[in-house]
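**Student:**
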Amino acid sequence: DTAVSQTPKYLVTQMGNDKSIKCEQNLGHDTMYWYKQDSKKFLKIMFSYNNKELIINETVPNRFSPKSPDKAHLNLHINSLELGDSAVYFCASSQEGGPAKLFFGEGSRLTVL
Amino acid sequence: GQQVMQIPQYQHVQEGEDFTTYCNSSTTLSNIQWYKQRPGGHPVFLIQLVKSGEVKKQKRLTFQFGEAKKNSSLHITATQTTDVGTYFCAGPSGGSNYKLTFGKGTLLTVNP
Chain A
1 DTAVSQTPKY LVTQMGNDKS IKCEQNLGHD TMYWYKQDSK KFLKIMFSYN NKELIINETV
61 PNRFSPKSPD KAHLNLHINS LELGDSAVYF CASSQEGGPA KLFFGEGSRL TVL
Chain B
114 GQQVMQIPQY QHVQEGEDFT TYCNSSTTLS NIQWYKQRPG GHPVFLIQLV KSGEVKKQKR
174 LTFQFGEAKK NSSLHITATQ TTDVGTYFCA GPSGGSNYKL TFGKGTLLTV NP
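First to last, the sequence lines map onto chains A and B.
Residues 1 to 113 in our numbering are what the first sequence lists, from first letter to last.
Residues 114 to 225 in our numbering are what the second sequence lists, from first letter to last.
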């Protein structure tokens with residue numbers, strides 16, 4: 001069983017389109033995250049939800065909108081895609097309490113043409 | 114804001130040689146974590162260090178947390194081709210255990 005699963009794994013789309021990435025975790029964790037990894041492998045946090053409540057919202061364009069329907073799911077919707085949005089987006093989860101040891105999904109590679 | 118710097122950016126070794134990557138934070142850290150990302154893969158948690166001066170070992174990997182809790186290192190003894198990947202350190206920032214700032218990683222390649 002995959003602990004943190006993301007779909008789709010690959011996404012190729014045109015500039016200006018809207019797309020969504022979905023994430024689910026079966027670890028029973030309370031906190032979920034979206035990280036962006038650029039072409040230079042730099043990992044940067046975007047958002048974090050704890051029990052469906054947004055707790056971290058980094059300086060991310062408001063074209064990016066996360067949604068957590070329940071604590072096991074965290075989705076990311078991106079409007080009006082731009083070339084610079086091309087990256088690998090990783091979902092992660094962690095248990096509440098104590099330092100956050102992250103469990104990452106396999107990533108969703110987004111390519112904007 | 115807090116910065117986590119990691120060196121070297123790249124390291125190429127012959128199989129059997131040792132490897133070390135270093136991590137430095139601009140602020141004191143409550144803890145530091147290390148992750149490994151294989152090429153084309155996702156980051157996988159390796160270890161967490163909490164105490165000042167802490168040293169932990171995992172087989173050929175040795176992790177250290179500095180006395181001032183501002184630096185850390187990962188040392189691999191006698192590298193193998195399975196060690197190939199990018200090694201990241203990460204520390205909490207903004208006073209939150211949930212917000213991890215990652216170093217830029219060290220890409221290790223091993224020549225068989």
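Each residue gets a CB set at the ideal place from its N, CA and C atoms; glycine is no exception.
1) Please say whether Ala72/A and Asn26/A have beta carbons closer to each other than 8 Å?
2) Is Asn17/A close to the ligand ATP? I mean its beta-carbon at under 7 Å from any heavy atom of the ligand.
3) Report yes or no: is there a C-beta of chain B within less than 8 Å of the C-beta of Gly105/A?
4) Of all the CB atoms in chain B, is at least one closer than 8 Å to the CB of Thr31/A?
5) Specify the secondary structure class of Gly84/A as computed by DSSP and reduced to three states.
6) Comparing alpha-carbon positions, which option in Lys9/A, Ser93/A and Lys19/A lies nearest Lys52/A?
7) Using a C-beta cutoff of 8 Å, does Asn144/B count as contacting chain A?
8) Could you give the uninterrupted runs of the beta strand (DSSP E) lying entirely in the stretch 20-70 of chain A, keeping only those of 3 residues or more?
9) Please state the DSSP three-state secondary structure of Thr2/A.
10) What's the call for Gly107/A, buried or exposed, on a 16-neighbour Cβ count within 10 Å?
11) Return the residue from the list Thr199/B, Asp131/B and Gln124/B that minimises the CA-CA distance to His188/B.
12) Between the stretch 174-182 of chain B and the stretch 154-166 of chain B, do three or more beta carbon pairs fall short of 8 Å?
13) What do you get for Asn144/B, buried or exposed, if any count of 16 or more other CB atoms within 10 angstroms of its CB means buried?
14) At a Cβ threshold of 8 Å, is Ala100/A touching chain B?
15) Please report the residue range of the beta strand (DSSP E) in which Arg109/A lies.
**Tutor:** Reading from the atomic positions:
1) yes
2) In the structure on display, the ligand ATP does not appear, and there are no ligands present to speak of.
3) yes
4) yes
5) helix
6) Ser93/A
7) yes
8) 31-37, 43-50, 53-57 and 64-70
9) coil
10) buried
11) Asp131/B
12) yes
13) buried
14) yes
15) Ser108 to Val112
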